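What follows is a single structure, written as structure tokens, with notes after it.
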Amino acid sequence: MQPAQDFCPTVYGNISVIIKIRVIKVINRIKTIIALNPNIHYEMELEKLIDGIKKDSNEQVDLLVLPSMAVADYLGQKILAERLGRYSLIAKTNNLYLALHAYLKDGNKRYSRCWLIDNCGEILLIQDQTHDKNNIGISISNELKVAKTPIGSIGLLIGDDVFIPEIGRILRLQGANLFIAYSFLPKPYNPWRQWSGIWQQVQQNQVFALESGFTGSINGHATEGKSIIHGPCELTEGETGFISEEQDAAPYIAASLDYHKLAEVIKNYPIHNFYNKHLYKELFSELL
Amino acid sequence: MGKIQSFQEQMLLRYLLFKSRPGRIKSFLDSKSYCHAEPPQSNQVRVAAVQGKLSLVKNPIEYADIMYHYVEEAVRQGAQLVVFPEDNAAHLVGMLPGISENADMSQTMADLGSEVKVADIFNYLSPVTRQVFETVFSYLASNFKVHIMAGSILVSNGYNKTINQGYLFGPDGVIIGTQQKLHLLPLELEWGLSCGEELSVFPTPVGKLAFPICMDATYFETFRSSVLKGAETVIIPAANPDEYNFWKELRGIWPRVQESTVFGIRSSMVGQLLGITLTGRSGIYAPLELTQKKDGILAEAKTYNEDEIIVAELDYNLLREYRRNEGFMNYLNIDLCKRYLPHLYK
Numbered sequence: 018m019q020p021a022q023d024f025c026p027t028v029y030g031n032i033s034v035i036i037k038i039r040v041i042k043v044i045n046r047i048k049t050i051i052a053l054n055p056n057i058h059y060e061m062e063l064e065k066l067i068d069g070i071k072k073d074s075n076e077q078v079d080l081l082v083l084p085s086m087a088v089a090d091y092l093g094q095k096i097l098a099e100r101l102g103r104y105s106l107i108a109k110t111n112n113l114y115l116a117l118h119a120y121l122k123d124g125n126k127r128y129s130r131c132w133l134i135d136n137c138g139e140i141l142l143i144q145d146q147t148h149d150k151n152n153i154g155i156s157i158s159n160e161l162k163v164a165k166t167p168i169g170s171i172g173l174l175i176g177d178d179v180f181i182p183e184i185g186r187i188l189r190l191q192g193a194n195l196f197i198a199y200s201f202l203p204k205p206y207n208p209w210r211q212w213s214g215i216w217q218q219v220q221q222n223q224v225f226a227l228e229s230g231f232t233g234s235i236n237g238h239a240t241e242g243k244s245i246i247h248g249p250c251e252l253t254e255g256e257t258g259f260i261s262e263e264q265d266a267a268p269y270i271a272a273s274l275d276y277h278k279l280a281e282v283i284k285n286y287p288i289h290n291f292y293n294k295h296l297y298k299e300l301f302s303e304l305l
Numbered sequence: 050m051g052k053i054q055s056f057q058e059q060m061l062l063r064y065l066l067f068k069s070r071p072g073r074i075k076s077f078l079d080s081k082s083y084c085h086a087e088p089p090q091s092n093q094v095r096v097a098a099v100q101g102k103l104s105l106v107k108n109p110i111e112y113a114d115i116m117y118h119y120v121e122e123a124v125r126q127g128a129q130l131v132v133f134p135e136d137n138a139a140h141l142v143g144m145l146p147g148i149s150e151n152a153d154m155s156q157t158m159a160d161l162g163s164e165v166k167v168a169d170i171f172n173y174l175s176p177v178t179r180q181v182f183e184t185v186f187s188y189l190a191s192n193f194k195v196h197i198m199a200g201s202i203l204v205s206n207g208y209n210k211t212i213n214q215g216y217l218f219g220p221d222g223v224i225i226g227t228q229q230k231l232h233l234l235p236l237e238l239e240w241g242l243s244c245g246e247e248l249s250v251f252p253t254p255v256g257k258l259a260f261p262i263c264m265d266a267t268y269f270e271t272f273r274s275s276v277l278k279g280a281e282t283v284i285i286p287a288a289n290p291d292e293y294n295f296w297k298e299l300r301g302i303w304p305r306v307q308e309s310t311v312f313g314i315r316s317s318m319v320g321q322l323l324g325i326t327l328t329g330r331s332g333i334y335a336p337l338e339l340t341q342k343k344d345g346i347l348a349e350a351k352t353y354n355e356d357e358i359i360v361a362e363l364d365y366n367l368l369r370e371y372r373r374n375e376g377f378m379n380y381l382n383i384d385l386c387k388r389y390l391p392h393l394y395k
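So the sequences go chain by chain: A and B. With positions in the first sequence counted from 1, the corresponding number in this note's numbering is that position plus 17. With positions in the second sequence counted from 1, the corresponding number in this note's numbering is that position plus 49.
Dropping the structure here:
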């Protein structure tokens, strides 16, 4: 079997060059600061945290996933524009990619939206949530895009989308090898529920994923989740599928993601070579 | 099968067919005692999943005896549907001369020559396998008056291709339906197996059943198709050729049950045979909210490598009620799905 080319962009003919994505950081504990809520305080804490990460790791950080800017109310356009401006500056100044999420309002419409900002401070990808299972009243999107970047082909999953297998599949089929997910799991925390989301999307699509699990309150609904960095079981210690998992008192979790190793996993067990296209044609053309 | 169909091989096949004649098997099974499964009368059905340890048999009577004991124990525990694992007639390979449990599959294949594949052996044995398997399970189903999803067997499809096919028997002993495996393992491709393209759902008194096979549970599309065709229970006969790992096993039926709001039953073949280690825990699964510990597990085997039978009750009224509120079709963004699928599969 040939490895999926899109997972191994560094293979040229018979010469294999490994480019390891250096360090990927997911901030999780900053969400307690969000609960305190003065916006400016949040920004200051973020800068301090980024400085701390740099000191801790002594390595270049390539991607930072910020916790959701979920607040008691939906963000208005003015505040949002101001924040995006600041985050763009942070991304550019620190030479890293930045992912963020917010609930926002625009006129009568409300959205649950993710942004991916590149290391030049440009917004590379905007993704709205595509399902509203719990009827929270957001406008949903019928579009899923993948950003092809030097640090991976990135797709974004938000809220209920983490439980919809079609979302992971569509992103994977469009070339994504790195999912960034914002999950909002109901309190009390049930690990089984969390495993039925992004963890399994990662396993059936053979990708990496950074899951920011929100703990707090969204529109009156209490949520409790963990932040986790996922990979195919074969790539992880104990074959758990967890590369790094939120621990008490840690301000962030971090991991190095190695696409070369991911390509090896796919080569050994090429799930995507065994699609039953006839069956799926019936499913998506006639049954749905 | 031209590759190994010499005169001697034809004679051997005739001998094996004679040894496996239905009258002989029925006569043996007639000597056994039978209790009857309770006919399903409400929307609650008691199901059993067999976790079977694979061993080779030299004689079809041994095979019938093994299967009899599984069904007898399951029915004794109240099962109205008994589910068996994948490759549930691999035992019969032991009828071939020169095959023993300690033999190494790769060495055996090397001895046969590079042009012979594993599929060729199962294709060759197909008339015997089918005769024994169908006789045994038809007889057990009708004598115990129980529905049996008898697992799957490797047989010829009649067009010189070897397929992995599951069977469902009704309590009258008649085959209700069959299902071909839809997604192969890389190992099975190497063996020369072929897969099917159609998925069927069978309405029965013990539920609307689909029974795709093992690897099919890796693909969410299998369960989506099953449910959209009406399935309320998806059965997965399995034979996982890998060392046991909780997390790797969790990648199969369990998440599929959660995402497609359906009951699931996995029956695992276990043991070591021909140099291959088979592991896995049989289990009966439901959406998280329909299970006591909110873990999606109604019953699960305690071991991953021993004989076990597990039973649980499936409450279809609860499932239907749950689906009315939480079923995926309530919220799936169909416009989005159709925008990208199926054309993205290339």
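All C-beta atoms in this analysis are idealised placements derived from N, C-alpha and C, irrespective of residue type, glycine included. Since this is a predicted model, take the numbers as computed values, not measurements.
Under the Cβ distance rule, A:P287 counts among the residues neighbouring chain B, one pair being separated by less than 9 Å. Contacts with chain B (Cβ-Cβ distance below 9 Å) from the segment 222-245 of chain A involve no residue at all. With its beta carbon less than 9 Å from one in chain B, A:K150 belongs to the interface. When only Cα atoms are considered, A:A280 and B:K75 end up about 53 Å apart. Residue contact with chain A for B:F377: present (Cβ-Cβ distance below 9 Å to some residue of chain A). Using a CB distance cut-off of 9 Å, A:E160 counts as an interface residue toward chain B. Boundaries of the beta strand (DSSP E) around B:P252: F251 to T253. A residue is called buried when at least 16 other Cβ atoms come within 10 angstroms of its Cβ; B:I383 does not meet this threshold and is exposed. Taking 3 residues as the shortest admissible run, the segment 51-112 of chain B contains the following complete beta strand (DSSP E) segments, listed from N- to C-terminal end: 93-102. Shown here is that no member of the segment 51-76 of chain B has a Cβ falling below 9 Å from a Cβ of chain A. Along the segment 294-321 of chain B, the alpha helix (DSSP H) occurs as fully enclosed runs of 4 or more residues at 295-298 and 302-309, listed in sequence order.
DSSP places A:Y199 in the uninterrupted beta strand (DSSP E) bounded by L195 to S200. Excluding its 5 nearest sequence neighbours in each direction, B:M264 has C-beta neighbours in its own chain below 6 Å: H232 and L234, listed in chain order. Where B:P176 is concerned, the enclosing alpha helix (DSSP H) starts and stops at V167 to F193. Rounded to whole angstroms, the Cβ separation of B:I197 and B:Q214 is 15 Å, and the two are not in contact under 8 Å. For the 9 Å CB-CB criterion, B:M144 and B:L189 do not form a contact. Annotation for A:E251: no alpha helix (DSSP H) segment contains it, and DSSP assigns it neither H nor E. A:K95 does not reach chain B, its nearest Cβ partner there being about 30 Å away, counting only Cβ pairs nearer than 7 Å. From the beta-carbon of B:S249, no residue of chain A is found nearer than 8 Å; the closest lies around 11 Å away. With its beta carbon at least 9 Å from every one in chain B, A:H247 lies outside the interface.
Put simply, the backbone Cα of B:E355 is about 6 Å away from that of B:K102. Residue contact with chain B for A:D177: present (Cβ-Cβ distance below 9 Å to some residue of chain B).
Straight across, the Cα-Cα distance linking A:E262 with A:C131 is about 22 Å. For A:T110, the enclosing alpha helix (DSSP H) covers residues Q94 to N111. Here B:G324 is not near B:A139, since their CB atoms are 9 Å or more apart.
Of all residues in the segment 305-323 of chain B, only Q307 and E308 come within less than 8 Å of chain A when Cβ atoms are compared, listed by chain position. Between B:R305 and B:A287 a beta carbon distance of about 12 Å is seen, past the 8 Å cut, so the two are scored as non-contacting. Proximity of the segment 385-394 of chain B to the segment 357-368 of chain B falls short of the contact definition, fewer than three beta-carbon pairs being nearer than 8 Å.
The DSSP-derived three-state label of A:Q144 is strand. Taking a C-beta distance under 9 Å as the contact criterion, A:S213 and B:G127 do not qualify as a contact pair.
Listed by position along chain A, the residues whose Cβ is nearer than 8 Å to that of B:W296 are C250, G255, E256, T257 and G258. Excluding the 5 residues flanking it on each side, B:G256 has same chain C-beta neighbours closer than 8 Å at V94, L130, E281, T282, F312, L363 and Y365, in chain order. Nearest to A:L305 by alpha-carbon distance, out of B:S274, B:P109, B:G245 and B:S155, is B:S274.
With 16 or more neighbouring CB atoms inside 10 Å of its own CB, B:F377 falls in the buried class.
For A:W132, DSSP records a beta bridge to A:L117 and A:I143. Assignment of A:R186 by DSSP, reduced to helix, strand and coil, places it in the helix class.
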